[in-house]
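Shown next, in structure tokens, is the structure this report addresses.
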Amino acid sequence: MSNRRSRQSAGVSTSRITDDQIIELVSKLQQLLPEIRNNRRSNKVSASKVLQETCNYVRSLHREVDDLSERLSQLLATIDAESPEASIIRSLIM
Amino acid sequence: MTAQQSPNPSSLRTRFTYRFLRALKELNKHRSATSWPSYRRVKVAADASMAAAVKSRRAWTRAVLRKIRRGHRSPRWNRPLATRELRRKIRRNHGGNPRKIRGSHGDFGQTNELRKLVPGGESMEISSLLGETAHYIKCLSTQVQVMRDLVDLYSSTPTS
Numbered sequence: 001m002s003n004r005r006s007r008q009s010a011g012v013s014t015s016r017i018t019d020d021q022i023i024e025l026v027s028k029l030q031q032l033l034p035e036i037r038n039n040r041r042s043n044k045v046s047a048s049k050v051l052q053e054t055c056n057y058v059r060s061l062h063r064e065v066d067d068l069s070e071r072l073s074q075l076l077a078t079i080d081a082e083s084p085e086a087s088i089i090r091s092l093i094m
Numbered sequence: 001m002t003a004q005q006s007p008n009p010s011s012l013r014t015r016f017t018y019r020f021l022r023a024l025k026e027l028n029k030h031r032s033a034t035s036w037p038s039y040r041r042v043k044v045a046a047d048a049s050m051a052a053a054v055k056s057r058r059a060w061t062r063a064v065l066r067k068i069r070r071g072h073r074s075p076r077w078n079r080p081l082a083t084r085e086l087r088r089k090i091r092r093n094h095g096g097n098p099r100k101i102r103g104s105h106g107d108f109g110q111t112n113e114l115r116k117l118v119p120g121g122e123s124m125e126i127s128s129l130l131g132e133t134a135h136y137i138k139c140l141s142t143q144v145q146v147m148r149d150l151v152d153l154y155s156s157t158p159t160s
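Protein sequence lines correspond, in order, to chains A and R.
Each residue of the first sequence is one higher than the one before, starting from 1 at the first, in this note's numbering.
Each residue of the second sequence is one higher than the one before, starting from 1 at the first, in this note's numbering.
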């Protein structure tokens, strides 16, 4: 998708992105991570730790999606999807 | 992330749910005709529904939609790759810019791992990657919540 040439120029402009931007984005990520949010003692969580936790969290979300897809596919096989449709929508959305 | 229980018809959760339910209905209709593993189809339906609900506003959704469109062209999901495709796949996954991989920005060695986890992450700049990751996490959480609700609901619905 991206060729070598464009990646090289991306490397040059990457160095111009300010530390402040990175810090802001990292703290944004921090807000989303349940583990770090709950254990917050000081505002100083290293970016490295945030990235680590982020990877772990995304992986766990992927696993959940896989597991839930598995269960849903089994459940689909056993029910008639037509009739509960309206009530499902109603109970989830309302 | 708290679940939105408001009846907002245009919320991400609502948009995703409608699409996903429609997709599940379609899957159920055609399930006897297919030889594809159905767990995978549910997962793809979920990922596709979320990406479609967000639309192409995000780099990660564009990557997901691209991948799905590519996948639809091949008759089977897991067919063995031809040599040329295999070479292309290897080049794509391991041919990254060494400058990026070595991490010219100190403690961002973990970004490589993150790049693999976020759709389209391989070719993003670091600042985009972080922003995309934040949005991706938000959407994945919503997706998981809705799927969990559906599993609970289907589990308790009496079979016809």
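C-beta: ideal position from N, C-alpha, C; glycine also.
It should be emphasised that the depicted structure is a prediction, and the values quoted were computed from it without experimental measurement.
Alpha carbons only, please: which of the options is nearest the one belonging to residue i?
i	options	result
A:P34	A:L68, A:Q74, A:E53 and A:L72	A:E53
A:Q21	R:K138, R:S127 and R:I137	R:S127
R:I137	R:K29, R:V151, R:N8 and R:D47	R:D47
A:Y57	A:L75, A:I23 and A:L29	A:L29
A:D63	R:V146, R:L140, R:S156 and R:D152	First, the amino acid is wrong: residue 63 of chain A is Arg here, not Asp. It is R:L140 whose Cα lies nearest to the Cα of A:R63.
A:E70	R:P9, R:S10, R:R22 and R:A45	R:A45
Just verifying my parser: in three-state terms, what is the DSSP assignment at residue i?
i	result
R:E125	coil
A:S46	coil
R:N8	coil
R:G71	helix
A:L110	Because chain A in this structure spans residues 1 to 94, residue 110 of chain A falls outside the shown range and cannot be described.
R:G120	coil
A:Q74	helix
R:R110	One detail in the question is off: residue 110 of chain R reads as Gln in this sequence, not Arg. Three-state DSSP puts R:Q110 in coil, outside helix and strand.
R:R57	helix
Spatial neighbours of residue i within its chain, please: C-beta separation below 8 Å, excluding the five flanking residues on both sides.
i	result
R:E132	R58, A59, W60, V118, G120, G121 and M124
R:V42	L24 and L27
A:I23	A47
For residue i, which residues in the same chain have their Cβ closer than 7 Å to its Cβ, ignoring the five residues on either side in sequence?
i	result
R:T142	L12, R13 and F16
R:R19	S49, A52 and A53
A:T78	none
Short check: CB of residue i to CB of residue j, under 8 Å?
i	j	result
R:Y39	A:S73	yes
A:V50	A:V26	yes
A:L68	R:R148	yes
R:Y154	A:L75	yes
A:C55	R:Q110	yes
In chain order, what residues of the same chain have a beta carbon less than 6 Å from the beta carbon of residue i, not counting five sequence neighbours either side?
i	result
R:L129	G121
R:R115	G121 and E122
R:R62	S56
Quick check: is the beta carbon of residue i nearer than 8 Å to any beta carbon in chain D?
i	result
A:S27	Reference to chain D is not applicable here, since the protein chains of this structure are A and R.
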